[in-house]
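J.: Sharing a structure with you now.
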Amino acid sequence: MKKLDLHIHTVHTVSDKPFEFDLSILTRYISELSLDAIAITNHNQLDIAQYNEICSEVSIPVFPGIEIDLERGHLLVIASPGDISDFSSRCDKISSLISTATDFVSAAQFNEIFPTLNKYLLIPHYDKEPILDMENVVSLQGQVVCGEVSSPKKFQTYKKTTDKLTPVLFSDFRIASGVTQFPSKCTYVDVDSISISSLKQAFTDKTKVALSDDEGHQLIDVLSNGLKISTGLTVLLGERSSGKTHTLDELANNISNHKYIRQFSLLAADASIDEKNFEKLLRNRSETIAEEYLRPFRDVVEDVRAISLEQDNSLLEAYISALHKSASEADRQDVFSKTRLFTESHFDTPDLNSLVKLIEAVNTVIANKEYEAIIGRFIDRSKLIELAIALMEQYAEEKELLLKREYVNEALDDIKSQLKVRTATTPIPEIDFYDLMLKKVKIQKYISIAQAVKNEKVIYTKELRSFKVVATALPYTGALEMKNQSGKVVAFSDAFEQYDTPYKFLCCLKNKPELSVSEYYKYFVNIKYEVRNRHGFRASGGERSEYNLLEQLSDATQYDILLLDEPESSFDNLFLKSDVNSLIKDISRTTPVIVATHNNTIGASIKPDYILYTRKKLQDDGHVTYQIFGGFPTSTDLCDLCGETIAKHDVLLDCLEAGEPAYNERRVTYEMSSN
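Note that the sequence shown covers residues 7 to 681 in the numbering used here.
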């Protein structure tokens with residue numbers, strides 16, 4: 007990261023308050039702020055003699071510039087030091103047009119003086135007074151890549167806004183004698199060398215500007231041979247069979263916690279198999295959604311699965327039969343059957359679970375610290391403690407009574423069993439009519455719930471870029487769907503015949519030992535997942551692959567590095583540019599990313615932080631080695647590990663455009679088509 011201040015004043019003009027320039031102040035300013043480059047941008051003039059004096063006294067690059075009063079706004083025009091002579095003569099023409107603080111240069115005058123704008127770095131006042139309305143200067147359109155703002159807050163706001171210029175923040179500092187405190191408004195730019203062309207290229211990418219050095223990316227060693235990549239986004243270029251995949255494989259072998267999306271890995275040869283696998287993949291990814299939705303129904307099934315109405319009816323019939331027989335034998339009762347305990351009923355044993363839950367709830371409120379103030383506004387803490395004590399005392403009392411009743415019931419059972427052995431009278435079995443009735447009511451309620459849960463309903467939606475995942479609950483349409491849900495070799499045809507009668511259906515499931523009792527609830531309602539495109543239609547085969555890539559990338563930040571091998575082999579350029587590029591850039595803010603490609607949509611449009619280029623070399627002994635060059639996007643040349651260099655311009659054209667002739671031919675064709 008290079009620290010720049012490209013808005014500095016060294017000459018008092020009609021647009022400034024009076025001040026006297028002090029070169030020692032400038033050198034101290036550069037030293038104390040550790041600046042890597044500055045630009046001299048006085049109002050409507052360039053003092054070439056002073057500029058040369060400054061260049062001779064400081065050790066960092068100093069760019070000649072001018073701040074022009076243009077159409078009642080301000081525009082910084084910064085030139086290359088090598089163009090100082092021509093630039094100075096043009097600045098003199100600007101000076102001749104400004105004689106008072108209210109004068110300004112018209113758009114027509116500006117265009118006449120600066121007919122070739124692409125050789126300069128142009129920085130308008132963007133959100134800083136006086137703001138330049140660029141619609142009034144048509145020639146600036148397409149030439150401006152960044153705009154000056156007045157505060158760090160505005161800088162961060164514009165940096166996060168996609169449809170705005172890249173923000174820059176500079177001091178606008180008057181280098182005056184007597185100054186003791188320096189402004190801290192500077193911009194860090196991610197470039198390896200500082201030039202007009204490298205800065206213009208960097209300013210096209212908002213991720214390459216920052217207000218602190220900590221926000222930028224660094225180079226890190228990733229292989230023992232000294233290969234470096236960026237902590238941000240690295241693009242790996244090369245022809246076919248030049249070693250791109252070989253390099254990614256080496257990185258995968260050396261970095262354990264990696265995510266590697268290999269070439270063609272997201273495509274399927276068979277469309278029908280692909281659709282089934284895609285459905286299965288969606289189901290696995292969204293399993294928690296179905297679990298969450300069906301949890302209340304799962305509890306209902308769990309509560310009733312042990313109930314057998316047939317068994318309860320048998321108990322009731324046995325009771326009635328014994329009662330009839332006992333009545334017919336009334337005249338034959340003996341001393342044992344006449345004993346009162348012989349026909350005595352059990353004491354009720356109440357369930358204390360509700361009281362236990364109530365005590366736990368009160369204790370939770372008492373122990374809560376996060377919302378203690380809100381709770382205290384309505385309920386005094388001492389009252390809560392008193393309530394907890396009273397409930398626990400009640401529990402102790404009821405628990406004691408319960409234990410006594412259980413003890414008496416056990417003694418009663420023991421006495422009854424001994425009397426039954428000695429009597430000739432038919433005993434009447436113990437039966438809990440309340441429990442039988444409760445079970446019957448539970449089954450009736452379960453049936454109504456089981457029918458209702460099968461009603462078709464969208465239970466979940468999730469948007470991922472241009473896609474939407476939709477989970478729908480609906481009835482099963484056949485036994486095969488149930489079998490697929492189970493994932494086991496088990497027949498469901500008999501169970502499906504009873505699908506519309508929930509009690510019988512549950513009984514059929516209980517007769518299948520292959521099924522887990524804890525998963526019976528899953529066979530009542532089918533949760534289907536599908537991905538829809540931006541138009542709301544079911545995703546096609548190609549769109550499913552696109553969604554898979556986005557889904558794969560969505561958790562990439564959990565890994566130490568993301569490796570992507572030629573994603574363009576599986577997808578079209580519009581999808582890559584609109585969805586993949588922005589997602590990869592977002593990931594690269596926190597996780598190193600390497601993308602192997604020979605596609606200009608990814609290789610160039612994605613605006614990488616570092617470039618690698620691989621080249622295969624065949625040795626005299628027939629052994630193949632891979633040569634790897636590296637450099638920044640703003641570098642002129644790429645350099646390999648041994649110091650050999652290659653022109654970056656040639657690499658980009660050869661790898662991304664099939665060479666300069668092909669690129670020029672396509673450009674002409676596009677221009678002809680547009681006309």
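No residue lacks a Cβ here, since even glycine has one placed at the ideal position from N, Cα and C.
Predicted model only: the values in this text are computed from it and were never measured.
1. Write down the C-beta distance between V6 and T210 rounded to the nearest angstrom, noting that I regard them as a contact closer than 8 Å.
2. So, is Y377 buried or exposed, given that buried needs 16 or more other C-beta atoms within 10 angstroms?
3. In the DSSP assignment, the beta strand (DSSP E) including H13 goes from what residue to what residue?
4. So L618 and I593 are supposed to be a Cβ contact under 8 Å. How far apart are they, rounded?
5. Any chance you could list the beta strand (DSSP E) runs of at least 3 consecutive residues sitting entirely within the segment 13-101, in chain order?
6. E308 to K363, Cα distance in whole Å?
7. Any idea which residues DSSP pairs G637 with across the strands?
8. Counting Cβ pairs, one atom from each stretch, are 3 or more of them under 8 Å apart for the segment 66-75 and the segment 87-107?
9. Touching or not, the segment 559-566 and the segment 586-602, by the rule of three or more beta carbon pairs under 8 Å?
10. With distances taken from CA atoms, which of K212, M140 and I46 is nearest K166?
11. Please go through the same chain and pick out, in chain order, the residues whose beta-carbon is closer than 6 Å to the beta-carbon of V296, but skip the five residues on each side of it.
12. Terminal residues of the continuous alpha helix (DSSP H) containing D500?
13. Cβ of I600 within 8 Å of Cβ of I36?
14. With C-beta atoms as the reference, is S177 less than 8 Å away from H18?
15. Using only the alpha-carbon positions, how far apart do E350 and V464 sit?
16. Measure how close the beta-carbons of C661 and L243 come, nearest whole angstrom, since I'm counting them as under 8 Å.
17. Taking all protein chains shown into account, do 16 or more other C-beta atoms lie within 10 angstroms of the C-beta of I181, making it buried, or fewer, making it exposed?
18. Can you tell me where the alpha helix (DSSP H) with T251 in it begins and where it stops?
19. Give me the Cα-Cα distance between P130 and F543, rounded to the nearest whole angstrom.
20. Under the assumption that R304 contacts T355 (Cβ atoms under 8 Å), give the Cβ distance between them as a whole number of angstroms.
21. If the criterion is Cβ atoms closer than 8 Å, does the pair D63 and T33 meet it?
22. Could you spell out where the alpha helix (DSSP H) holding F511 opens and where it closes?
23. In the DSSP assignment, what are the bridge partners of P573?
24. What number of angstroms, rounded off, separates the C-alpha of R3 from the C-alpha of I437?
25. Determine the DSSP secondary structure at A545, reduced to helix, strand or coil.
26. Whose CA, out of D92, Q56, F116 and A85, lies closest to the CA of G79?
27. Per DSSP, what kind of secondary structure is V630 in: helix, strand or coil?
28. Out of F188, L512 and G148, state which residue places its alpha-carbon closest to the alpha-carbon of V306.
29. Can you say whether H541 is buried or exposed, counting buried as having 16 or more other CB atoms within 10 angstroms of its CB?
30. Note the first and the last residue of the continuous alpha helix (DSSP H) segment covering T204.
31. State yes or no: is the C-beta of K125 within less than 8 Å of the C-beta of E154?
32. At 4 residues or longer, what runs of the alpha helix (DSSP H) sit wholly inside the segment 375-400?
33. So V174 and V215 are in contact, right, with Cβ under 8 Å, and what is the actual spacing, rounded?
34. Are there 16 or more other CB atoms within 10 angstroms of the CB of Y440, so buried, or fewer, so exposed?
35. Relative to the C-alpha of F348, which residue among E403, A417, I385 and N359 is closest?
36. Please classify D276: is it buried, with 16 or more other beta-carbons within 10 angstroms of its beta-carbon, or exposed?
T.: On the basis of the supplied data:
1. Because the chain here runs from 7 to 681, residue 6 falls outside it and cannot be looked at.
2. Taking the first residue of the sequence shown as 1, we reach residue 377 at position 371. When all chains shown are included, Y377 counts as exposed.
3. The residue you call residue 13 lines up with position 7 of the sequence shown. Start and end: K8 to H15.
4. Within the sequence shown, the letter at position 612 stands for residue 618. Within the sequence shown, the letter at position 587 stands for residue 593. With 8 Å as the limit, L618 and I593 do not qualify as a contact, their Cβ atoms being about 18 Å apart.
5. 43-49, 68-76 and 79-84
6. Along the sequence shown, read from residue 1 onward, the residue named residue 308 stands at position 302. Along the sequence shown, read from residue 1 onward, the residue named residue 363 stands at position 357. Rounded to whole angstroms, E308 to K363 spans 20 Å at the Cα level.
7. As a first step, residue 637 must be located in the sequence shown, where it is residue number 631. Answer by DSSP bridge pairing, in chain order: I617.
8. yes
9. yes
10. If you number the sequence shown from 1, residue 166 lands on position 160. Ranking the options by Cα distance to K166, first place goes to K212.
11. Taking the sequence shown and counting its residues from 1, the one referred to as residue 296 is at position 290. At residue 296 the sequence reads Ala, which differs from the Val that was named. So the qualifying residues of the chain are I533.
12. By one-based count along the sequence shown, residue 500 stands at place 494. D500 -> alpha helix (DSSP H) spans S499 to E503.
13. Position 594 of the sequence shown, counted from the start, is the residue given in the question as residue 600. Position 30 of the sequence shown, counted from the start, is the residue given in the question as residue 36. For I600 and I36, no; Cβs fall outside 8 Å.
14. For this step, residue 177 is matched to residue 171 along the sequence shown. For this step, residue 18 is matched to residue 12 along the sequence shown. Contact flag unset, no.
15. The residue given as residue 350 occupies position 344 in the sequence shown. The residue given as residue 464 occupies position 458 in the sequence shown. Their backbone Cα atoms lie some 56 Å apart in a straight line.
16. Start at 1 with the first residue of the sequence shown, and residue 661 comes out as number 655. Start at 1 with the first residue of the sequence shown, and residue 243 comes out as number 237. C661 to L243, Cβ: 4 Å. Contact.
17. Numbered from 1 along the sequence shown, position 175 holds the residue referred to as residue 181. The residue in question, I181, is buried, as its Cβ has 16 or more Cβ neighbours within 10 Å.
18. As a position in the sequence shown, residue 251 is number 245, starting the count at 1. Its alpha helix (DSSP H) spans residues K250 to N260.
19. Counted from its first residue, the sequence shown places residue 130 at position 124. Counted from its first residue, the sequence shown places residue 543 at position 537. About 45 Å.
20. Translated into the one-based positions of the sequence shown, residue 304 becomes position 298. Translated into the one-based positions of the sequence shown, residue 355 becomes position 349. The Cβ separation is near 28 Å, so there is no contact.
21. Along the sequence shown, one-based indexing puts residue 63 at 57. Along the sequence shown, one-based indexing puts residue 33 at 27. The sequence given here has Glu at residue 63, not Asp. Yes; because the gap between Cβ atoms is below 8 Å, this pair is in contact.
22. On the sequence shown, position 505 is the one that residue 511 refers to. P508 to K516 is the span of the alpha helix (DSSP H), which, as asked, contains F511.
23. Counting from one through the sequence shown, the residue named residue 573 turns up at place 567. BP columns for P573 are empty, so no partner.
24. The structure shown has nothing for residue 3, since the chain only spans 7 to 681.
25. Here residue 545 is taken as the residue at index 539 of the sequence shown, counted from 1. Coil at A545, not helix or strand.
26. Here residue 79 is taken as the residue at index 73 of the sequence shown, counted from 1. Comparing Cα-Cα distances from G79 to each of D92, Q56, F116 and A85, the minimum goes to F116.
27. For this step, residue 630 is matched to residue 624 along the sequence shown. Here V630 sits in strand by DSSP.
28. Counted from its first residue, the sequence shown places residue 306 at position 300. The shortest Cα separation from V306 among F188, L512 and G148 belongs to L512.
29. Along the sequence shown, one-based indexing puts residue 541 at 535. In the assembly as shown, H541 is an exposed residue. Its beta-carbon has fewer than 16 other beta-carbons within 10 Å.
30. Reading the sequence shown from its first residue, position 198 is the one you call residue 204. The question names Thr, but residue 204 in the sequence shown is Ser. Here the alpha helix (DSSP H) through S204 covers I202 to A208.
31. Translated into the one-based positions of the sequence shown, residue 125 becomes position 119. Translated into the one-based positions of the sequence shown, residue 154 becomes position 148. Taking C-beta atoms as the reference points, K125 and E154 fail to come closer than 8 Å.
32. Segments of the alpha helix (DSSP H) lying fully in the segment 375-400: 378-384.
33. Within the sequence shown, the letter at position 168 stands for residue 174. Within the sequence shown, the letter at position 209 stands for residue 215. Correct: roughly 7 Å between the Cβ atoms.
34. Position 434 of the sequence shown holds residue 440. Exposed, by the Cβ-count rule.
35. Against the sequence shown, residue 348 aligns to sequence position 342. The option with the nearest alpha carbon to F348 is A417.
36. For the purposes of this step, residue 276 is identified with residue 270 of the sequence shown, where counting begins at 1. Because D276 sits at a pLDDT of 48, beneath the cut-off of 50, its placement in the model cannot be relied upon, and the following sentence gives the value as read from the coordinates. D276 comes out exposed.
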